Every structure is written in C-alpha cells, then in structure tokens.
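Protein chains in written order, with this note's numbering: chain V, 26 to 416; chain S, 26 to 416.
See below for the structure under consideration.
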C-alpha cells in the first residue's frame, strides 16, 4: 500500500497546518484524530484503539509519528516519513492503570527538544482520553496547554482536486451500493442479508475501483426503529407496511461520499409521503442557497423556510463537512449546516446534507453529498431523492 | 429490536456494578464506554460518535441514559429503562467549541440530586474526551472525582450462560467466515474482493443466525504489510510468494469470537513455517496452562518457554479478555495474557489468545478464542491452526 497522494500534497498540507498553528499561537500540536494524522502524513491503519499521535512542531521539519511498537511498520508502509520519525512505544504501556503511552510521548518530546512553549491538544478527539491528557500534562511541566481541537480539521475543509477525485470515486460506489440496498429491502428478507449485500457491493466497488470501510457501519433503522437514526440491523425480516432508512457511504482511500434514502414497503402513511415532499423541497432550496460567500446558517435558513410551511419540526442540524475519516464518524467536526454557524462557504468545501425527519413512530432520511463550486453547489451523485415506495 | 437478554440479567448486572462501586468508594459512576452502557442496560446504537453516558448512582434505583436528542428513541427500542430515565440533550450542544454535552449531563445530575459525593469517571474511555472531562468537572463543583476506568469492564469478565451462548453463535459464524476468507485469498484476486466475501459471510451468518458488525474491521495485512498487524485492505491483488494474515471475528448481538489465521500463497520461507510451528506449540502449551487458579502471567509463561527455545522474539502481550464490544476494539481492557498480570483465572472468563510474530518483512498470526471451564480451557471453535499453504 502506498500513500494516497504524492509527497508534494503532504508537504503542502503540513505547511498549511504549521501556518494554522502559528496563527493559533501554538509551538507544537499533539494530533490524535486518526483522520488528522492520516491527512497530514498518509498514515493509515486500524491502530487507533491504542493511544497514538503525530507530533507537529514548528521547530521540526517533519512530524513525528508515535504508535504502539507493533504498528510502527504500518507507518513505514503508509507514509513518506523518515523512518527516524516513526516510533513505536513499548507494549507494557498498553492498557495499564499505573502508566500511559502519553508518558512515553512526553519523554519523546523532551528528547526532541519540544517540551517547552505552548502545546495544542485535540481536546474533543475520540482517541485522546482524559487519562492520556492527565499523563501528558504531568510529563510536560514546562509547557502551557491550549485547546487545539479543530486546528487540523479546519485545514481539511477545502479539498484538493486529488481529494475530490477520491470523493467522486466514492460517489460511483455509493450509487451502486444504494441501488443494491434498495433492492434488498424486501418483505421477508432479513435485515442482515440486506446489510451483507450492501457491504459486498460497497467493498467490491465499481468499474475496477475497490471500496474502503465506512467510518459508520450501514444504518438500517426500520419500522418504529426508524423514529431514531442510529440503530443498526438485526436478523428480523423486513415487513410490509414499514419504512426503512438506509444511511450508507461509498468510501475510497478513506474519503466518504454518504447517502441516505428511505424505502417504504407498501403504501406509506400520508405523513411519511408529506415528509418526503418537504425534505425534497427543502434540499432543493438549500442547495440553491449554497454558494461561495453564503454562510452555513443561510443554507440552513433556506431549508427552514420550507420546513416552516409544512407543520413538521426539526431541531437538529441538517448537515456537516465531510471527507476523509475513520470510525466512529465521517463528519469533520468543523462546519455544521445549522442556525448560528457563520462559516462562509468557499469553493471545494464538501458537505453531507441530511435533513432527516424523525416522527413519533417512524422516520425518513434523504440526503445529498455536495461540493461548493465557483458559482454554486454540485451534487456528487445523481440519484432520485423521493421516498421509494415498493408495492 | 429487543434487548439481547431478559430483564433479570440486566438487574443482576446492575447489582454487580453497584457492589463494585461501593467497594471502590463511588457514589455515582458516569459510564461512557458503549460496551459498558450496553452491558448494563441493553442500549445498542451507533450513537457514540456524539457524547453520551449512563449515570449509575447508588441512590437511584435505575440508571439514567443520556444521549443526543435524536437518539433517545434508540434507548426506548433497545433497553428496559423507564422512559423517564432516557433523556436526550438538545442538538445545539453537538460539536461546539463553547459548550459540551457534559454541561447538560452535570445539570441533569444536579436535577436528580446526585451532584455530590465521589463520582467515578472512565478516564481511559474512547468516547469520553478531555473536553467532556473538563466541562463535567466544572459543572460539578461539589463532587470529588476518581478514576472509575474498568469498574464495569471487570464486572463483564465472567460471562453468564446466555452470554456464552452468543459467543458460541459467533464461533459458528467465524468458522464459516474464515473458511470463506481463506478460500478468497488467491493469486490475482483483489484484496477488496476477499474482504467483500468475508463481510458477506460474517453478516449473513450461518444456520439462520445473523451476524453483527465486528468492533474491528477485517484485518488483512499481506506481504511486507504483514510485518505489522493492523493494516486494512487495498484493491491490489494477492501475489504468489506472499503471506496474508486474516484477523476476523464472528459477532452475535455485539458478542465477539475472533480468529486469526495466515495463508501463504506458494511455498513459504522457512522462517514463516518455523514461526507457525512455534506459535502452534506455544498456543497448545498456553491452553494447557489455562485453568481456574492459574494467573494470566502463568499462561503467558507457558508460551514464553516455548518461544525461548525457538530463536524468535516477541515483546507484546499474547491475549486479552474478549466479549461484548463496539469499535474500535473487541478487547475488554481488563486482563491481558502477559508477564506481570496476576489476575487469577475463573470459570466463564473468555479470552482471545493471539501470539503473532511480526518478522522484518512478513508476519504470521494464529489465534484461539477460549473459555475457562471448571477444569481447564475450552476453545470456542475447532479450526486447523497451522499456516495454510496454498500452492
């Protein structure tokens, strides 16, 4: 396996991160989000279940990758880093109560001469625990700490052409996968069999382009379960009279293109049909509003104006920035399409807009994954939006 | 979907947790590990990508589940909790820099009268961030805090018969899946096509028993990549002359039965064949040593004695407690089969023993998932261990 991009792109990314660090007043940044580590260096492996990080310091030319000892070779396989900058900590640090791999990280920062100044920490990262935080602070008595959450994430917001190419590959995969998924949701077929078909399609990919694993497993809430969006499957069969939400993603080299569609087996209740109409109108209005110079909040407002006339209610955000990611989330944790988010849209930003409506006893989700162009918004795929009714 | 166990089992588990809390001097425990939340209540959904927790307090009869608003119905679908004890926080807490869902949790603890005394926190949990930790501490000025990492995990160590039944189902699924996987590793076949077949088999399951998603995606390091254990797949084809490690799991209702095997395409180098022999002998010796009353370290020592005669070296632990789990890890983060772990084995503990040997330019993993019985160790599956050589 080789890094997903040429070295020049990683050099450019590192420069961008260092500029963001300088602007934030950081001397160094302990990067712990797998997507951020991967974006800066190419590092790719399912090794984030033990603590790991990428040290980026203004004073160091190259970042330093620190992973569990057995994972160091994964750094050699998947990054361009000098092997002297790929370090494995000893295994006796793993899952102990009296020590933590962040002790070793702090010592390495001292050895590298970067155990001073202001250190940024990704304070709301999944793979940086409070225990790691306490041990790192204790090991770096001469440092000041600052919340560096989002520093790298924001650098990821505007995609390069090469990144967009992966997302377009992922779009081809999700078009194919969603067709397979909708076909599989059939009365009497077990949910797990539909998911098996979905996985098979999304990992084989299309047109010679293989698929990667999604940061969120296939979501398949059905019937009453569809009144909440994040249930996974069981081995119960699909039933006539029930609706099923399919929230899936095509993934290429960790770049996601998510899509949600909803299937009704038999004639849907009127409210579900109405909800479908509102969502389709709302998505169209929001996409019209999405263009460079508009804010995320303005895009949401276009949706909300359609919603207000409908009688339906929705409290939650309708979308977020999307791209490179690892479990448990494909969202980038930067911009959200919601009221109050004043982020100004720029060309090559990418979003997943998913204005789901959870009703009391059922639910519906329809989504689009789109790109901000020079003049507006361009959807990554062309796939009919309305509620799919199978008789 | 219904909870995976009868209510009496959840009642028993809650009593066990409360006893452990008393022993640890905790008045309340903020449970944030999805597996712990699920084990205590049945809660099951891919909602852990936004902060959530289960409040267990000695003073409260029932725990209180707090999730993002849209996920509250997932609590109603998958747990026995009184609906008054399933709470959703407002969406404006999600992914913001100036507030955190743990602010809301602290307020709810005050409303419930449990914002005093000693509060246990799972300090090394994936889904409890330093930012959540800081906000929770700030919101609970009258509480003392204690590291409650492992309190619930240790309660999970000894499995009930009903849990073992799920693990036995998972064993049937992994036997079937590994056969499919080994078959798929063939010169010229793309890695992603093998993974697609593996997913399909493991999710469809066998004998009418559907499969669940594994906490770790299929691991498929191949060739030089197999010198490190946690690489996932690409769409490159398998090559004659290379070995591929398959580390997979069967999963039933979130209970895992993992298995690793290694396939050589063509005649393997002698060192790989030798490594296979050492691992097979070492596993047999370690399984012989595994019985009630023995310690984890004694089991590891039996392996290490075999290893010492071989010329191979291995620093890392060779196994860990396994069962119910969510991404990114199927290990329970309690006992490890390693030098220094003095945990005494008891009947119905369950382990995954995986003494992999990572060599300079290739690697091999062979594993067993086993149960401590009244007299010894019982493997969950019966599957040939040695390096599979396909000519």
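Built from N, CA and C at the ideal position, the CB exists for glycine as well.
Only a predicted model underlies this, so the values are computations on that prediction, with no experimental measurement involved.
Asked, Found
"Tell me which residues share the same chain as residue 44 of chain S and place their Cβ nearer than 7 Å to its Cβ, disregarding the 5 neighbours each side in the sequence.", "none"
"Taking beta-carbon pairs under 8 Å, can you tell me which members of the region 105-130 of chain V lie near chain S?", "115, 116, 117, 119, 120, 122, 125"
"Residue 225 of chain V versus chain S: which residues are under 8 Å apart at the beta carbon?", "221, 222, 224, 225"
"Going by other Cβ atoms of all chains shown within 10 Å of its Cβ, with 16 needed for buried, is residue 84 of chain S buried or exposed?", "exposed"
"Can you name the start and end residues of the beta strand (DSSP E) that residue 286 of chain S belongs to?", "280-290"
"For the alpha helix (DSSP H) that residue 202 of chain V lies in, which residues bound it at each end?", "186-209"
"Are the beta-carbon atoms belonging to residue 398 of chain V and residue 184 of chain V less than 7 Å from one another?", "no"
"So, is the C-beta of residue 328 of chain V closer than 7 Å to a C-beta in chain S?", "no"
"Can you determine whether any heavy atom of the ligand ATP sits closer than 6 Å to the C-beta of residue 134 of chain V, and answer yes or no?", "Looking for the ligand ATP in the displayed structure turns up nothing, as the structure carries no ligands at all."
"What are the residues of the region 153-167 of chain V that lie near chain S, defined by any Cβ-Cβ distance shorter than 9 Å?", "153, 154, 155, 156, 157, 158, 159"
"Taking Cβ-Cβ distances shorter than 7 Å, what residues in chain V pair up with residue 228 of chain S?", "217, 220, 221, 224"
"Between the region 269-294 of chain V and chain S, which residues of the former have CB atoms less than 7 Å from a CB of the latter, in chain order?", "none"
"I want to see whether chain V comes within less than 7 Å of residue 90 of chain S, judged by CB atoms only; does it?", "no"
"What three-state label does DSSP hand residue 305 of chain V in the structure shown?", "helix"
"Under a CB-based cut-off of 7 Å, is residue 390 of chain V close to chain S?", "no"
"At a CB-CB cut-off below 7 Å, which residues of chain V make contact with residue 352 of chain S?", "352, 353"
"Check whether the Cβ atoms of residue 289 of chain V and residue 274 of chain V sit closer than 7 Å, and answer yes or no.", "no"
"Is residue 206 of chain V buried or exposed, if buried means 16 or more other CB atoms sit within 10 Å of its CB?", "buried"
"Mind checking whether residue 111 of chain S and residue 94 of chain S have CB atoms under 7 Å apart?", "no"
"Who pairs with residue 403 of chain S in a beta bridge, going by DSSP?", "S:396"
"If you pair each beta-carbon of the region 297-306 of chain V with each one of the region 328-343 of chain V, do three or more pairs fall below 8 Å?", "yes"
"Do we get a CB-CB distance below 7 Å when we pair residue 179 of chain S with the residues of chain V?", "no"
"Considering only residues of the region 76-161 of chain V, which uninterrupted beta strand (DSSP E) runs meet the minimum length of 3 residues and lie entirely inside it, listed in chain order?", "78-82, 89-93, 111-114, 142-146"
"Suppose you measure from the CA of residue 143 of chain V to the CA of residue 170 of chain V; what does that come to, to the nearest Å?", "6 Å"
"Between residue 361 of chain S and residue 345 of chain S, how many whole angstroms is the CB-CB distance? I'm expecting something under 8 Å.", "5 Å"
"Quick one: give me the first and last residue of the beta strand (DSSP E) that residue 251 of chain V is part of.", "Looking at the DSSP string, residue 251 of chain V is not in any beta strand (DSSP E), and its letter there is neither H nor E."
"Based on Cα-Cα distance, which residue from V:161, V:396, V:258, V:343 lies nearest to residue 370 of chain V?", "V:396"
"Can you tell me where the beta strand (DSSP E) with residue 412 of chain V in it begins and where it stops?", "No beta strand (DSSP E) contains residue 412 of chain V, which DSSP labels as neither H nor E."
"Buried or exposed: which applies to residue 125 of chain V, given that a residue is buried once 16 or more other Cβ atoms fall within 10 Å of its Cβ?", "buried"
"Is the beta carbon of residue 182 of chain V closer than 7 Å to that of residue 359 of chain V?", "yes"
"Quick check on residue 35 of chain S - is its C-beta less than 7 Å from some C-beta in chain V?", "no"
"So residue 340 of chain S contacts chain V; which residues on that side make the cut at Cβ distance below 9 Å?", "94, 95, 115, 116, 117"
"So if DSSP puts residue 171 of chain V in a beta bridge, which residue, or which two residues, is it bridged to?", "V:145"
"Determine, using beta carbons only, whether residue 386 of chain S and residue 259 of chain S come nearer to each other than 7 Å.", "no"
"Quick one, which residues of the region 186-218 of chain S are near chain V if we go by CB-CB under 8 Å, in chain order?", "215, 216, 217, 218"
"Checking contacts by CB at 7 Å: is residue 98 of chain S closer than that to chain V?", "yes"
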